[in-house]
Amino acid sequence: MSIQEQLSKTLELIRIERQADLEQYRQKVLLLPLHRKTKEGKCWYPVRIKRNYIGTGERLIIEVERTKELDQPHVFSSGKVVSVFSNAKGTPEKHNAGGVINYVRDNLMVITLNHDDLPDWIDDGHIGVDVMFDENSYREMETVLKNVIKAEDGRLAELRDVLLGAKTAEFKTDDIVAPTDSKLNPSQQAALVKIATAKDVAIIHGPPGTGKTTTLVQSISKTIETEQQVLVCAASNAAVDLLADKLSDAGLRVLRMGHPARVTEQSLSKTLDARIAAHEYYKDLRAMRKRMEQLRSMAMKYKREFGYHEREQRKRLMEESRALKADADVLEFYIVNDLLQNSDAICCTLVGASNHLLRGKRFSSVFIDEAAQALEPACWIPITKADRVIFAGDHCQLPPTIKSFEAAKAGLSITLFEKCIEKQPATAVMLKTQYRMHEDIMQFSSRYFYNNELIAHEFVRLATLPNHLPIDFVDTAGCGFNEEQDPETLSRINTEEASLLIKLVEKIVEEIGVDVWQEANYKLGIIAPYSAQVECLHKLAEASPLLGEIASFISINTVDAFQGQERDIIAISFVRSNDKADVGFLSDIRRTNVAMTRAKKKLIMVGDSATLGSHPFYLELLDYVQQKGFYRSAFEIEQ
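Per my numbering, residue 1277 is the first one in the sequence shown, and the count goes up by one each step.
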């Protein structure tokens, strides 16, 4: 297949993905009756407006509260697009206002509305909040792919051919002063040199705990010394916020593009809205807008039936208001451009790079973090604005989230990061020293995924819990702990395995002692690949008086929620146990790699070897724990 044919296929796959995503939204949200949506957590209804106020960037914010105390799971989270509706007349479609969620906690949701004023119908009661389908991302991805396909010459066409392997990536061969940093280890230094010499593309391959973010921040800082300004992107808002904060801590002037509702509180001061509000000319801008609104209000007080003089007065006031608006727009344009020009790093999501304020703007370099989790079409959005690209990520960890099994299987799950590291291996540097985990926790992943090249830093190499082995694999084979399927969600659950895991965790807490645990500030993560098992583990942990004493030290969630994080102790429930030896979802071994490598001092794994052993990865894992003496049968614990 030619490169154009490859990209045309990707375009078709992203359309299939959009259709699958939209269909899921239709089935799970749009077509459901209100009571079902509410029961399943896809709608909050009824809610009451607690208060409204003007937030960052003079945006209208409302706080809504569920009037019925509900504790069931829901789909709402920070950054999601929602619709606030009124059902007072039985027609929620008739009265609605779009917005974006700032944050959700318990029964409270804070929403930034896409309106200047509170809608009149908001006081009618019967208010609810629906989750919405986000069309914009797909529209931007389709547009950029078409542009990449039809590029015939220019830098975009060259980069396209290099990234997809039709041309060889080039590096500077003239004498350059290699950037150095005494805080970095040899492989991190090598990554800095690779980035400094790359003409087209460079890749930081960062396995778990190897300081990828530290290396990325240093390379961005060094690049800014010669290029003055760079574009920094990532697939998720959380990843962008982390980078924006780290770059700011490094002393760089950071501008965080994007909706304030999608930005963490720490990063709010770096947003365009907040930076505009802090600008020296903002007072003038605000005064203009205030006067403009006063004139508009004065003009609008005239009723429809009025004479010539009133009509002339209204016309004069409206003209004056429009003139002031034009002046305010010019001043705002100046402020925004002043901020854009005088920022070292402009940070945004991949889709956020399509922001109209960045239209026509060029960068010498774009840095894309978590690139191995990003859909290829999304990566092309910032690349079209740059002369070269630096990827950072790890294709042996979490893949992109894809709704369509058909699209994933046909190749949408293969990222631009993976394609480039395969076609242009000379562009990549793998970071090799990890600073997170005991060497025995690291070793299996290093052997299976990273060509046995990872080295545990002396500081963590032998770090364990007192009187504990670094790993325990507890085998439930023969115990009759069979998995079940939740009929509604189709998620998997294994209650007996969950009980055993909680029992193991309680034993460790008991041995260490609650006081010592709290003093040492040990953090525990409990991971399951299925949401139904996560819920089961939550309930068991809440019912445990012992774990209740250290509840603030415990996190229980799916693998995806732990990406990029670490805990002193990680306990994993593998769930799958059946007569067919079917591992199902666990066959995505990259997720298991992420789960295991979150642990710093202790890794506990509970699973059925008879089921898991049918897969070569888990068979090798079982051999490893047996060789190292980390294997135990559940029968030993049950006695």
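Quick reminder that beta carbons are idealized off the backbone N, C-alpha and C, glycines included. Keep in mind it's a predicted model, so treat the numbers as computed, not measured.
Inset, instruction - Quickly, what does DSSP pair Thr-1625 with across the bridge? List them, please. - result: Partner(s): Ala-1510.
Legend entry - Validate contact between the stretch 1837 to 1845 and the stretch 1624 to 1641 using beta carbons, cut 8 Å, 3 pairs: no
Inset, instruction - State the Cα-Cα distance for the pair Asp-1762 and Lys-1815, rounded to the nearest angstrom. - result: Distance between the alpha carbons of Asp-1762 and Lys-1815 is about 16 Å.
Inset, instruction - Using the Cα positions of Tyr-1907 and Asp-1751, report the straight-line distance between them to the nearest angstrom. - result: Each residue's alpha carbon lies about 7 Å from the other.
Inset, instruction - Any chance you could list the beta strand (DSSP E) runs of at least 3 consecutive residues sitting entirely within the stretch 1691 to 1759, in chain order? - result: 1704 to 1706 and 1747 to 1751
Inset, instruction - Give the single residue among Arg-1291, Ile-1697, Tyr-1894 and Met-1277 whose Cα lies nearest to the Cα of Leu-1688. - result: For the options Arg-1291, Ile-1697, Tyr-1894 and Met-1277, the alpha carbon positioned closest to that of Leu-1688 is the one of Arg-1291.
Inset, instruction - Check whether the Cβ atoms of Leu-1776 and Ala-1629 sit closer than 8 Å, and answer yes or no. - result: Their beta carbons are not under 8 Å apart, which means Leu-1776 does not touch Ala-1629 by this criterion.
Inset, instruction - State the CB to CB distance for the pair Met-1713 and Lys-1876, rounded to an integer number of angstroms; the pair is presumed to be in contact (CB under 8 Å). - result: 5 Å
Legend entry - Range covered by the alpha helix (DSSP H) that runs through Phe-1667: Looking at the DSSP string, Phe-1667 is not in any alpha helix (DSSP H); the run it does join, the beta strand (DSSP E), is 1662 to 1669.
Inset, instruction - Pull up the CB-CB distance for His-1555 and Ile-1611, whole angstroms please, since I reckon it's below 8 Å. - result: 5 Å
Inset, instruction - Taking 8 Å as the cut-off, decide whether the C-beta atoms of Phe-1667 and Phe-1693 are in contact. - result: yes
Legend entry - Local Cβ density within 10 Å of Ala-1599, reported as buried at 16 or more and exposed below that: exposed
Inset, instruction - May I have the straight-line CA-CA distance separating Lys-1695 from Ile-1479, to the nearest angstrom? - result: 12 Å
Legend entry - Where Asp-1858 sits in the DSSP three-state scheme: coil
Legend entry - Simplified DSSP assignment, three categories, for Cys-1812: helix
Legend entry - Extent of the continuous alpha helix (DSSP H) to which Asn-1412 belongs: 1412 to 1426
Inset, instruction - Rounded to whole angstroms, what's the CA-CA distance from Lys-1344 to Pro-1322? Just pull it up for me. - result: 8 Å
Inset, instruction - With a 10 Å radius around its C-beta and 16 neighbouring C-beta atoms as the bar for buried, classify Gln-1903 as buried or exposed. - result: exposed
Inset, instruction - Less than 8 Å between the CB atoms is what I'm expecting for Val-1835 and Val-1870, so what's the real figure, rounded? - result: Taking the Cβ atoms as the reference, Val-1835 lies roughly 5 Å from Val-1870, within the contact range of under 8 Å.
Inset, instruction - Could you spell out the range, first to last residue, of the beta strand (DSSP E) harbouring Tyr-1321? - result: Where Tyr-1321 is concerned, the enclosing beta strand (DSSP E) stretches over 1319 to 1330.
Legend entry - Cα-Cα separation between Pro-1368 and Ser-1353, rounded to whole angstroms: Unreliable positioning characterises Pro-1368 in this predicted model, as indicated by a pLDDT of 48, which lies under 50. The coordinate reading is nonetheless provided below. Their backbone Cα atoms lie some 22 Å apart in a straight line.
Inset, instruction - Flag this pair as touching only if the stretch 1283 to 1301 and the stretch 1410 to 1425 have three or more C-beta atom pairs under 8 Å; answer yes or no. - result: yes
Inset, instruction - Determine the direct distance from the alpha carbon of Leu-1651 to that of His-1744, and round the result to whole angstroms. - result: 41 Å
Legend entry - Buried or exposed by the 16-neighbour rule on C-beta atoms within 10 Å, applied to Pro-1658: buried
Legend entry - Cross-strand partners of Pro-1907 (DSSP beta bridge): A small correction: the amino acid at residue 1907 is Tyr; Pro does not occupy that position in the sequence shown. Per DSSP, Phe-1749.
Legend entry - Residues bridged to Thr-1388 [DSSP beta-bridge criterion]: Ile-1337 and Val-1376
Legend entry - Spatially closest choice to Phe-1911 from Gly-1883, Glu-1595, Ile-1496 and Met-1568, by CA coordinates: Gly-1883 is the residue among Gly-1883, Glu-1595, Ile-1496 and Met-1568 whose C-alpha sits nearest the C-alpha of Phe-1911.
Legend entry - Coarse secondary structure for Ala-1478, derived from DSSP in three states: In the three-state reduction of the DSSP assignment, Ala-1478 falls in the strand class, which pools E and B.
Legend entry - DSSP bridge partner residues for Arg-1768 (one or two, in chain order): Gln-1761
Inset, instruction - Check Glu-1281 in the structure and name its three-state DSSP category. - result: helix
Legend entry - Pick from Ile-1471, Gly-1374 and Lys-1637 that is closest to Gln-1505, judged by C-alpha positions: Of the listed residues, the one whose Cα sits closest to Gln-1505 is Lys-1637.
Legend entry - Within 8 Å, strictly: CB atoms of Ala-1648 and Thr-1677: no
Inset, instruction - Reducing DSSP to helix, strand and coil, say where Leu-1674 ends up. - result: coil
Inset, instruction - Enumerate in chain order the residues of its own chain whose CB-to-CB distance from Arg-1737 is below 8 Å, with the five nearest sequence positions on each side excluded. - result: His-1714 and Glu-1715
Inset, instruction - Report the rounded CA-to-CA distance for Gln-1794 versus Asp-1517, giving the unit in angstroms. - result: 30 Å
Legend entry - Rounded separation between Ala-1796 and Gln-1809 - CA only: 29 Å
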